[in-house]
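Here the protein sequences line up with chains S and X, keeping their order. If you count the first sequence from 1, you need to add 5 to reach the working numbering. If you count the second sequence from 1, you need to add 5 to reach the working numbering.
Number of protein chains: 2
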Amino acid sequence: MTAADPRALEHPTRGEIRLEAVLHALSDPVRLRIVRELADTGSELSCSHFDLPVTKSTTTHHFRVLRESGVIQQGYRGTAKMSDLRRADLDALFPGLLDGVLTAATAQDARVAS
Amino acid sequence: MTAADPRALEHPTRGEIRLEAVLHALSDPVRLRIVRELADTGSELSCSHFDLPVTKSTTTHHFRVLRESGVIQQGYRGTAKMSDLRRADLDALFPGLLDGVLTAATAQDARVAS
């Protein structure tokens, strides 16, 4: 994706990312699941990779909230819309926060399953 | 506050606290401010202590969201409604999460002010 790409998607710059928006983005179970999957994979994934229990339009909404809050970046590779965590930005702005949330989510899964 | 207190307020048990609800509770600027003030003080505070830029009914709503998510506990001392962070519960369930959010909020303040 370049600036000239007519399909370029809007993203906040690092300096525009706000903690409250990041926490809100992470507070939804479906969005948290997307973030955990991206974190586990460690690379960008196509939207079609995710098998989520919601409609396509709801899925699009969730990805937009994640993008507009600065949690993920999205871009097109041909016809595929790819998503990736903005880990470097988040870790620079809020050291330990993303890992804290991911660890907490894993711990909660273990508790709920036991 | 005892179980027999007719004004007893409902709280989730430690095991009922969910990460998503905690993140949602922390994602609002007013609620985050309340939590930071409680954390800075390190003891329970009366609702009337807080000078928030919202109406009384909105303030009550924010405290309820914080209580029902398990972030704070509330109880009456005479006519005063006191609030306190459930730090022990949050730290046990999600180690490092609350401190990560508090640190991130302080870092953001410093960035926005500079």
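All residues carry an ideal CB built from backbone N, CA and C; glycine is no exception. Note that this is a predicted model, so its numbers are computed, not measured.
X/Gly80: not part of any alpha helix (DSSP H); member of the beta strand (DSSP E) spanning Ile77 to Arg82, first to last residue.
Taken atom to atom, the span from the alpha-carbon of X/Val59 to that of S/Leu103 is near 30 Å. Between X/Ser119 and chain S, the shortest Cβ-Cβ separation is not below 8 Å. X/Leu90 is the residue among X/Gly105, X/Leu107, X/Ala109 and X/Leu90 whose C-alpha sits nearest the C-alpha of X/His16. CA-to-CA, the gap between X/Glu42 and S/Arg82 works out to about 46 Å. In the structure shown, X/Asp89 falls within a strand segment according to DSSP collapsed to helix, strand and coil. Between the region 22 to 36 of chain X and the region 28 to 40 of chain S, the count of C-beta pairs closer than 8 Å reaches three or more; the two stretches touch. Annotated three-state conformation of X/Leu50 is strand, per DSSP. Shown here, S/Asp33 sits in coil according to DSSP, grouped into three states, outside any helix or strand. The beta carbons of X/Leu107 and X/Ala13 sit about 29 Å from each other, so the pair does not count as a contact at 8 Å. Taking 8 Å as the cut-off between beta carbons, the residues of the region 89 to 103 of chain X near chain S are Leu98, Phe99, Pro100, Gly101 and Leu102, in sequence order. By the Cβ-count criterion, X/Gly47 is exposed, with fewer than 16 other Cβ atoms from all chains shown falling within 10 Å of its own Cβ. Look at X/Ile39 here: in three-state DSSP terms it is helix.
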